[in-house]
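Residue numbers in the sequence shown follow the numbering used here, run continuously in steps of one, and reach 150 at the last position. One structure below.
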Amino acid sequence: MAIGWLTVLKMVPWGDVIENAPKVASGAKKLWQTVGKRPMVTSSAPPVPEVLRAESPAVAALQIQVAELQVAVADLHQQMLASSELIQSLAQQNTQLIKRVEVNRVRLLWLAAWVLGLTVVLVARFFRV
Numbered sequence: 022m023a024i025g026w027l028t029v030l031k032m033v034p035w036g037d038v039i040e041n042a043p044k045v046a047s048g049a050k051k052l053w054q055t056v057g058k059r060p061m062v063t064s065s066a067p068p069v070p071e072v073l074r075a076e077s078p079a080v081a082a083l084q085i086q087v088a089e090l091q092v093a094v095a096d097l098h099q100q101m102l103a104s105s106e107l108i109q110s111l112a113q114q115n116t117q118l119i120k121r122v123e124v125n126r127v128r129l130l131w132l133a134a135w136v137l138g139l140t141v142v143l144v145a146r147f148f149r150v
């Protein structure tokens, strides 16, 4: 099972991921700023003039339908705010993850250099004796 994941991780273009992480984070930030600035739609229906109230049952049905649609729009707006907040959070986590992967990559290179150096020293001492 681990071999499958290792194969998948090897196929990821990590250079592109690291390069595009700041762009993803800034895009999520812009999305959050855009969505967060939109005014909240109120779910209450505007007052209806007396002339329209007595007009017909069709007008009353349309008014009810408009009020229901306003409630649905307000609900969708809340969902959009929650989704954009989640996207921003995920983009920030992605940026932090990419930074940690880069740090680990550099540490791994240093470790490989140390192991190679120690191997050379040990081989030189072993064959000298």
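Quick reminder that beta carbons are idealized off the backbone N, C-alpha and C, glycines included. These numbers were taken from a predicted model, which means no experiment stands behind them.
**Message:** Helix, strand or coil, according to DSSP, for serine 110 in the structure here?
**Reply:** In the sequence shown, counting from the first residue as 1, residue 110 sits at position 89. Correct three-state label for serine 110: helix.
**Under the three-state DSSP convention, the category proline 34 falls into** = Against the sequence shown, residue 34 aligns to sequence position 13. Coil, per DSSP.
**Asked** Quick one: what does DSSP say serine 77 is sitting in, helix, strand or coil?
**Response** Along the sequence shown, read from residue 1 onward, the residue named residue 77 stands at position 56. Residue state, collapsed to three classes: coil.
**Message:** Between the alpha carbons of asparagine 115 and proline 43, how many angstroms are there, rounded?
**Reply:** As a working note, residue 115 is residue 94 in the sequence shown. As a working note, residue 43 is residue 22 in the sequence shown. Their Cα atoms are separated by approximately 9 Å.
**Item:** Inter-residue Cα distance where the pair is valine 87 and alanine 95
**Value:** Counting from one through the sequence shown, the residue named residue 87 turns up at place 66. Counting from one through the sequence shown, the residue named residue 95 turns up at place 74. Separation of valine 87 and alanine 95 (C-alpha to C-alpha, rounded to the nearest whole angstrom) is 12 Å.
**Message:** Distance check for glutamate 123 and glycine 138, CA to CA, integer angstroms please.
**Reply:** The sequence position of residue 138 within the sequence shown is 117, counting from 1. The sequence position of residue 123 within the sequence shown is 102, counting from 1. Answer to the nearest angstrom: the Cα atoms are 23 Å apart.
**Request:** Return yes when the Cβ of glutamine 109 is within less than 8 Å of the Cβ of lysine 50, no when it is not.
**Result:** In the sequence shown, the residue the question calls residue 50 occupies position 29. In the sequence shown, the residue the question calls residue 109 occupies position 88. Yes. Within cutoff.
**Message:** I need the straight-line Cα distance from glutamine 99 to serine 47, nearest angstrom please.
**Reply:** Within the sequence shown, residue 99 is the residue found at index 78, counting from 1. Within the sequence shown, residue 47 is the residue found at index 26, counting from 1. Straight-line Cα distance between these residues: approximately 22 Å.
**Request:** Could you tell me if isoleucine 85 is buried or exposed, where buried requires 16 or more neighbouring beta carbons within 10 angstroms of its beta carbon?
**Result:** Here residue 85 refers to the residue found at position 64 when the sequence shown is read from its first residue. With fewer than 16 Cβ atoms within 10 Å of its Cβ, isoleucine 85 is classed as exposed.
**Asked** Exposed or buried, which one is alanine 133 when buried takes at least 16 other CB atoms within 10 Å?
**Response** As a first step, residue 133 must be located in the sequence shown, where it is residue number 112. Exposed: under 16 other Cβ atoms inside 10 Å.
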